[in-house]
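Contents: one structure, followed by commentary.
Number of protein chains: 2
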Amino acid sequence: MRTPGQTRQIVLASRPQGWPTPENFRLETVDLPAPADGQVVVANHVMSVDPYMRGRMNDVKSYAAPFAVDRPLDGAAIGEVVASSSPDVHVGQIVLHGLGWREHAVLPAAAVRVVDATAAPESAYLSVLGMTGLTAYAGLMAVAEFRPGDTVFVSGAAGAVGSLVGQIAKLSGAARVIGSAGSAAKVARLRELGFDEAFNYHDGPVTDLLQAAAPEGIDVYFDNVGGDHLEAAIDSLTTGGRAALCGAISQYNSTEPSAAPRNLSLAIGKQLTLRGFLVGGHQDLMPEFHEKVVGWLADGSLRWDETVREGLEAAPEAFIDLLRGANTGKMVVRL
Amino acid sequence: MRTPGQTRQIVLASRPQGWPTPENFRLETVDLPAPADGQVVVANHVMSVDPYMRGRMNDVKSYAAPFAVDRPLDGAAIGEVVASSSPDVHVGQIVLHGLGWREHAVLPAAAVRVVDATAAPESAYLSVLGMTGLTAYAGLMAVAEFRPGDTVFVSGAAGAVGSLVGQIAKLSGAARVIGSAGSAAKVARLRELGFDEAFNYHDGPVTDLLQAAAPEGIDVYFDNVGGDHLEAAIDSLTTGGRAALCGAISQYNSTEPSAAPRNLSLAIGKQLTLRGFLVGGHQDLMPEFHEKVVGWLADGSLRWDETVREGLEAAPEAFIDLLRGANTGKMVVRL
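Order-wise, the sequence lines are chains A and B. In terms of our numbering, the first sequence has 340 at position 167, counting the first letter as 1, and numbering is strictly consecutive. In terms of our numbering, the second sequence has 423 at position 250, counting the first letter as 1, and numbering is strictly consecutive.
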């Protein structure tokens with residue numbers, strides 16, 4: 174444990190080859206500096222683990238800079254300001270920022286966003302009220318160009334993003350919403366959340382399971398999984414169908430390129446649109462999204478699940494378990 | 174040969190398994206009826222063979238109905254009206270219609286379009302002035318959302334559509350245009366047509382050849398080939414890049430699904446859009462396209478190649494050779 178004046182953080186000990194293991198992470202105790210001019214010190218309460226972090230553990234150029242070996246990891250977190258050298262942010266305020274994976278964050282006041290912790294639980298700002306929720310909303314509305322009456326299929330539907338996609342589609346007038354997940358318990362949860370159909374992708378070839386669940390085909394596919402799921406969706410998409418490519422968790426730990434989808438040429442005759450996206454490209458939708466989601470939360474029509482792990486030392490395992498699908502809804506670590 | 178009152182047509186003798194062979198086709202002599210009320214009889218001068226016809230030889234539901242065994246094939250053709258029972262179309266007029274693969278077409282006057290054969294060679298209405306040209310234009314402009322300054326890669330670039338895509342891109346302000354083709358002679362022809370770079374895809378892995386030709390990446394990919402070409406393009410597309418999926422000739426005769434592209438998950442981080450299309454969905458662009466292409470043809474800035482075969486009996490071989498890439502530019506059969 175840390176002594177006064179010290180804090181703890183998780184560093185990347187080595188880059189994973191394939192599936193990450195606990196040995197790829199290291200818990201360090203370091204000195205906690207006083208805030209420099211314009212800085213604040215935040216005692217983190219909750220931090221996020223997200224699938225995209227796996228990509229940053231590889232040493233490849235991508236949309237987000239790779240994590241550096243022997244340096245602390247980072248990601249979304251929320252906590253309380255415990256010291257401030259800025260006139261703009263005060264001790265005691267609850268702030269959202271990007272320096273998770275550590276018990277205390279020291280960063281410029283301009284890099285934190287003060288949130289109203291009386292309006293929603295703090296962790297909601299890491300999921301339904303934050304980037305996770307906007308990812309679901311923007312991917313469905315702007316990227317997949319959802320229209321009322323569409324039949325929507327979402328993979329990884331019990332995950333943080335997927336469970337919101339399905340519910341938002343229903344709330345926005347979808348004819349039918351179908352979800353896939355990796356266990357019977359998750360499938361049952363999807364039905365509770367209002368999905369019209371749900372299947373466990375371990376129960377057979379995804380193409381067959383999807384065809385049984387949506388015999389008339391699908392108009393929109395929200396992809397969190399890639400690979401066989403994407404191939405199945407391309408088979409089932411109707412003419413003019415649209416796919417929002419959000420994630421490919423089936424491939425993040427692969428050491429070989431994925432052979433699927435093997436049917437992409439069907440996109441020609443069916444005039445399909447497949448579009449990859451990052452939530453960062455859709456910040457303009459935040460006000461519209463925020464207004465809607467606050468309303469849905471207020472009347473109880475939108476629900477979100479959390480899987481919570483306790484303590485910074487649990488973060489590596491929480492992340493690895495996330496990649497294995499051990500979570501239902503958003504996986505967070507309470508510090 | 175036919176006697177007076179008879180005509181000849183090519184029927185589908187059997188469905189090809191993999192690559193088509195001459196045995197899949199049969200030349201038949203049949204009676205030529207007089208035109209019924211409202212019908213015309215057209216003596217076909219030139220007919221088109223197109224890659225999409227391969228798909229119609231399979232017994233699968235697609236955007237175009239499959240050809241029926243023992244029934245004549247069809248496709249674009251142009252010819253002279255030799256008999257008419259319609260007040261709207263007169264003997265001697267040159268008309269474009271959809272009943273190729275036969276020496277005479279008997280069809281409703283409403284199903285033919287009279288063209289100005291003094292403005293351009295008849296065969297041009299099957300290529301640069303017809304669906305081929307519109308396919309190139311609509312795919313580049315509307316589907317791939319081409320912008321001046323883009324670097325454009327087109328596969329099958331010596332083909333009927335591809336050679337127009339590259340030239341139209343250059344005429345519309347592309348920074349650079351790169352084409353792939355299947356022989357050194359075709360590569361040389363692409364350079365004559367104004368392509369900045371061209372390569373023979375037999376010379377190495379397409380990914381390497383494309384990277385060498387476009388070290389800064391590409392903004393637009395016009396896909397006529399699919400498979401490895403599409404995979405290479407996904408690797409080279411820059412952030413926000415767009416691919417128009419027009420054809421997948423590398424796969425039309427495959428009996429196994431294509432394992433490529435294996436890198437589609439790159440579309441997420443690069444925020445790529447891949448969009449399949451059919452020219453039928455873009456008829457609204459015809460006036461705009463026609464105005465531009467007439468101007469480009471008038472000042473000699475747009476050129477189109479033809480590979481011409483002689484006689485209806487040569488049509489099956491012309492079609493098979495087209496799939497093998499024996500053509501430069503549009504493959505037509507003069508009857």
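Here a beta-carbon is modelled for each residue, glycine too, at the ideal position from N, C-alpha and C.
On the three-state DSSP scale, how would you describe residue i?
i, result
"residue 504 of chain A", "strand"
"residue 372 of chain B", "strand"
"residue 423 of chain A", "helix"
"residue 450 of chain A", "coil"
"residue 437 of chain A", "coil"
"residue 198 of chain A", "strand"
"residue 229 of chain A", "helix"
"residue 253 of chain B", "strand"
"residue 174 of chain B", "Because the pLDDT at residue 174 of chain B is just 45, under 50, the model does not fix this residue reliably, and the point stays unresolved."
"residue 457 of chain B", "helix"
"residue 409 of chain A", "helix"
"residue 402 of chain B", "helix"
"residue 280 of chain B", "strand"
"residue 414 of chain A", "strand"
"residue 394 of chain A", "strand"
"residue 221 of chain B", "strand"
"residue 540 of chain A", "Here chain A covers residues 174 to 508 and nothing more, so residue 540 of chain A does not appear."
"residue 294 of chain B", "coil"
"residue 208 of chain A", "coil"
"residue 479 of chain A", "strand"
"residue 262 of chain B", "coil"
"residue 248 of chain B", "strand"
"residue 286 of chain B", "strand"
Of all Cβ atoms in chain A, is any one closer than 7 Å to the Cβ of residue i?
i, result
"residue 236 of chain B", "yes"
"residue 305 of chain B", "no"
"residue 444 of chain B", "yes"
"residue 353 of chain B", "no"
"residue 438 of chain B", "yes"
"residue 179 of chain B", "no"
"residue 450 of chain B", "yes"
"residue 456 of chain B", "no"
"residue 421 of chain B", "yes"
"residue 383 of chain B", "no"
"residue 441 of chain B", "yes"
"residue 399 of chain B", "yes"
"residue 435 of chain B", "yes"
"residue 424 of chain B", "yes"
How about residue i: is its C-beta nearer than 7 Å to some C-beta of chain B?
i, result
"residue 447 of chain A", "yes"
"residue 319 of chain A", "no"
"residue 431 of chain A", "yes"
"residue 498 of chain A", "no"
"residue 418 of chain A", "yes"
Expressed to the nearest angstrom, what Euclidean distance is found between the alpha-carbon atoms of residue i and residue j?
i, j, result
"residue 128 of chain B", "residue 342 of chain A", "Residue 128 of chain B lies beyond the stretch modelled for chain B, which goes from 174 to 508, so this question has no answer here."
"residue 420 of chain B", "residue 224 of chain B", "8 Å"
"residue 379 of chain B", "residue 385 of chain B", "10 Å"
"residue 318 of chain B", "residue 454 of chain A", "18 Å"
"residue 375 of chain B", "residue 345 of chain A", "50 Å"
"residue 185 of chain A", "residue 226 of chain A", "11 Å"
"residue 498 of chain A", "residue 250 of chain A", "21 Å"
"residue 292 of chain B", "residue 252 of chain B", "15 Å"
"residue 490 of chain B", "residue 333 of chain A", "56 Å"
Give a single yes or no on whether residue i has its beta carbon closer than 6 Å to a heavy atom of the ligand NAD.
i, result
"residue 460 of chain B", "Looking for the ligand NAD in the displayed structure turns up nothing, as the structure carries no ligands at all."
*Below 8 Å, can you find three or more Cβ-Cβ pairs linking the stretch 461–477 of chain B to the stretch 308–317 of chain B?*
Three or more beta-carbon pairs drawn from the stretch 461–477 of chain B and the stretch 308–317 of chain B are found closer than 8 Å, and the two stretches are therefore classed as touching.
*Could you name each continuous alpha helix (DSSP H) segment of 4 residues or more that falls completely within the stretch 301–385 of chain A, going from the start of the chain to the end?*
Every unbroken stretch of the alpha helix (DSSP H) spanning 4 or more residues and falling wholly within the stretch 301–385 of chain A is given here in chain order: 304–311, 333–344, 357–365.
*Are the stretch 439–453 of chain A and the stretch 447–455 of chain B touching by the rule of at least three beta carbon pairs closer than 8 Å?*
Taking 8 Å as the limit for Cβ pairs, the verdict is that the stretch 447–455 of chain B does touch the stretch 439–453 of chain A.
*How do the stretch 199–207 of chain B and the stretch 179–191 of chain B stand: do at least 3 beta-carbon pairs fall below 8 Å, yes or no?*
Proximity of the stretch 199–207 of chain B to the stretch 179–191 of chain B meets the contact definition, three or more beta-carbon pairs being nearer than 8 Å.
*Is there contact between the stretch 425–444 of chain B and the stretch 463–483 of chain B, where contact requires at least three CB pairs shorter than 8 Å?*
No: the two stretches stay apart, fewer than three of their Cβ pairs being nearer than 8 Å.
*Specify whether the stretch 274–291 of chain B and the stretch 420–427 of chain B touch according to this definition: at least 3 beta carbon pairs, one from each stretch, less than 8 Å apart.*
Contact fails between the stretch 274–291 of chain B and the stretch 420–427 of chain B, because fewer than three Cβ pairs, one in each stretch, are under 8 Å apart.
*Is the stretch 398–408 of chain A touching the stretch 397–405 of chain B in the sense that three or more CB pairs, one from each, lie closer than 8 Å?*
Touching, no.
*Touching or not, the stretch 315–332 of chain B and the stretch 352–370 of chain B, by the rule of three or more beta carbon pairs under 8 Å?*
Put simply, the stretch 315–332 of chain B touches the stretch 352–370 of chain B. At least three CB pairs are less than 8 Å apart.
*Take every Cβ of the stretch 204–224 of chain B, pair it with every Cβ of the stretch 189–196 of chain B, and state whether three or more of those distances are shorter than 8 Å.*
No contact exists between the stretch 204–224 of chain B and the stretch 189–196 of chain B.
*Can you find at least 3 beta carbon pairs, one from the stretch 238–246 of chain B and one from the stretch 255–270 of chain B, that sit closer than 8 Å?*
No, because fewer than three Cβ pairs between the stretch 238–246 of chain B and the stretch 255–270 of chain B fall closer than 8 Å, the two stretches do not touch.
*Should the stretch 330–340 of chain A be regarded as contacting the stretch 281–289 of chain A, the criterion being three or more beta carbon pairs within less than 8 Å?*
No contact exists between the stretch 330–340 of chain A and the stretch 281–289 of chain A.
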